[in-house]
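So the structure is just underneath, and the comments pick up after that.
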Amino acid sequence: MARTIKEIKADLTTQFMANSTLAAVYGFTVGDSFDAAFSKVSFESIWLYICAYCAYVIEVLFDTHKEEIDNIIVQLKPGGRTWHEGMAKGFMFGYSLVTDEDYYDITGLTDAQITAAHVVKYSAAVEKKGVVYIKVAGEDTSGNRQPITAAQQTAFEAYMKEIKYAGVVIEVVNSDPQYFRLSMTLYYDPMVLDANGMNLSDGTYPVTDAIKSFISNLKFNGEYRNASLVDTLQEIAGVVIPELHLSELSSDGVTWTPVDAKATPDSGYCKVYADADLNITYTAYQSISV
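This is the structure:
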C-alpha cells in the first residue's frame, strides 16, 4: 500500500540528517531534527517534498497496477464467480460457439451486430448448497433493466450448459424486478416543500423521485440498505428528518417480506411499481411540539 507524502518525506529527511557528508557541508549534527535545521520553505525542504511526491506517485501506480492484475487473475480463474458472470455477459443470442470451444467467431460481424447479440446486460453468480445461480437481466430501449425474453433465456441456458464445467449445477434466474414499498414519516421544511412533498420552487416531487432513482440504480444483485436510503433522502433540500418505519420486498406484489436493515433482491434488482407503494406522511417540521 502506498505511503503518504508526509511519511515518505519523513523517511527522506531522516536519511538526510543521518548523512555525515551532508552534516559536514551544512554544519548540522548527525541525527538533528530536519525541521530545526531547515525552514519549510528552504530549497532542501522543497526538494525533498518533490522527491517524496514523485515516490508517492510511483507507489500509487504500483498499487493500481497490482489491483488491476489481481482483478484480471480473479476474472480469468475458470469456474469462479466472476468467470461465470463474465461468461454470462459474453452470451450472443442467435450465434453458435466455435466447435468444442467456449467463445464465438465474430469475424465479419459489425459492432452493431455484436452489441445487439449481447442481450444479457447484467449478471451475477451466487452459489448456494452446491448450485450456482446465474441471475441475469437485459435492458429495454430506455436502458431500464428487464428480464430477457423466453427465447433468449432458452438459448442462454443452452449456452451455459455448453460452457460450464463438468459437475457444476447451474440454475438461471431471469425474473421481473422485485416489488419495493415503504412506509415513512418525513418531516419537511414548509418553506421548501408543501404537504404533498412538492418542491415549491419548481413543482417537482424530489422525495419520491429520489426513492425511485435510488431503488432503480442499485447495483445489480447489490445489497439494499435502509440506512443508505435514509442518507440519500437527508441530502434533499427541504427534508429535515426522514423517519423510515418499514420497507418491504415482494416477488409478486402480494406476499411481502419486511427488510431487516438490508436485503438482496432474489431477482437481482427491484423497482417501485406504483406511487401508492410509497406511503409517506409529510409533517411540517415546526409543527412538532416541544
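With my numbering, letter number 238 in the sequence shown gets 238, and the count goes up by one each step, no holes.
Glycine included, C-beta positions come from ideal geometry on N, C-alpha and C.
Bridge partners of residue i, per DSSP?
{"i": "E7", "result": "DSSP lists no partner for E7."}
{"i": "M184", "result": "L244, I280"}
{"i": "K135", "result": "A124, V173"}
{"i": "V239", "result": "Y188"}
{"i": "N199", "result": "L193"}
{"i": "K271", "result": "Y179"}
{"i": "Q146", "result": "G138"}
For residue i, name the three-state secondary structure that DSSP assigns.
{"i": "L12", "result": "helix"}
{"i": "K291", "result": "Since the displayed the chain opens at 1 and closes at 290, residue 291 lies outside it and no answer follows."}
{"i": "A263", "result": "strand"}
{"i": "K212", "result": "helix"}
{"i": "T154", "result": "helix"}
{"i": "L218", "result": "coil"}
{"i": "T257", "result": "strand"}
{"i": "S251", "result": "coil"}
{"i": "Y179", "result": "strand"}
{"i": "Y165", "result": "coil"}
{"i": "Y285", "result": "helix"}
{"i": "S20", "result": "helix"}
{"i": "Y26", "result": "helix"}
{"i": "Y224", "result": "strand"}
{"i": "Y205", "result": "coil"}
{"i": "V290", "result": "Legend: pLDDT at V290 = 49, less than 50; position of this residue unreliable, no value from coordinates given."}
{"i": "D35", "result": "helix"}
{"i": "M160", "result": "helix"}
Since I believe residue j is in contact with residue i (beta carbons under 8 Å), could you give me their beta-carbon distance rounded to a whole number of angstroms?
{"i": "A125", "j": "V136", "result": "No, A125 and V136 are not in contact; Cβ-Cβ is about 10 Å, not under 8 Å."}
{"i": "Y56", "j": "I134", "result": "Their Cβ separation, rounded to whole angstroms, is 42 Å, which puts Y56 and I134 out of contact at 8 Å."}
{"i": "E248", "j": "V259", "result": "6 Å"}
{"i": "Q146", "j": "E157", "result": "About 18 Å; that fails the 8 Å criterion."}
{"i": "S123", "j": "Q178", "result": "Incorrect: roughly 17 Å between the Cβ atoms, too far for contact."}
{"i": "Y26", "j": "A36", "result": "12 Å between Cβ atoms; not a contact."}
{"i": "A210", "j": "L233", "result": "6 Å"}
{"i": "G197", "j": "Y282", "result": "5 Å"}
{"i": "T13", "j": "L48", "result": "6 Å"}
{"i": "N199", "j": "G253", "result": "With 8 Å as the limit, N199 and G253 do not qualify as a contact, their Cβ atoms being about 29 Å apart."}
{"i": "V207", "j": "I170", "result": "Their Cβ separation, rounded to whole angstroms, is 41 Å, which puts V207 and I170 out of contact at 8 Å."}
{"i": "V172", "j": "M160", "result": "7 Å"}
{"i": "Y224", "j": "A263", "result": "5 Å"}
Does the pairing of the segment 211-221 with the segment 254-270 give three or more beta-carbon distances under 8 Å? Enough Cβ pairs lie closer than 8 Å, so yes.
When you compare the segment 1-17 with the segment 48-66, are there three or more beta-carbon pairs, one atom per stretch, that lie closer than 8 Å? With the rule of 3 Cβ pairs closer than 8 Å, the segment 1-17 counts as touching the segment 48-66.
Any alpha helix (DSSP H) of 4 or more consecutive residues that is wholly inside the segment 45-120: The segment 45-120 contains these whole alpha helix (DSSP H) runs: 81-89, 111-117.
State whether the segment 277-285 contacts the segment 177-191, with contact taken as three or more CB pairs (one from each stretch) at a distance under 8 Å. Contact between the segment 277-285 and the segment 177-191 is present: 3 or more CB-CB pairs across the two stretches fall below 8 Å.
Does the segment 110-118 come within contact of the segment 87-97, defined as at least 3 CB pairs closer than 8 Å? Three or more pairs of CB atoms, one per stretch, sit closer than 8 Å, so the segment 110-118 contacts the segment 87-97.
Is the segment 159-176 in contact with the segment 226-235, if contact means three or more CB pairs nearer than 8 Å? Flag = no, the segment 159-176 and the segment 226-235 do not touch.
Using 8 Å as the threshold, is the segment 29-37 in touch with the segment 9-18, meaning 3 or more CB pairs across them? Touching, yes, given that three or more Cβ pairs across the two stretches are closer than 8 Å.
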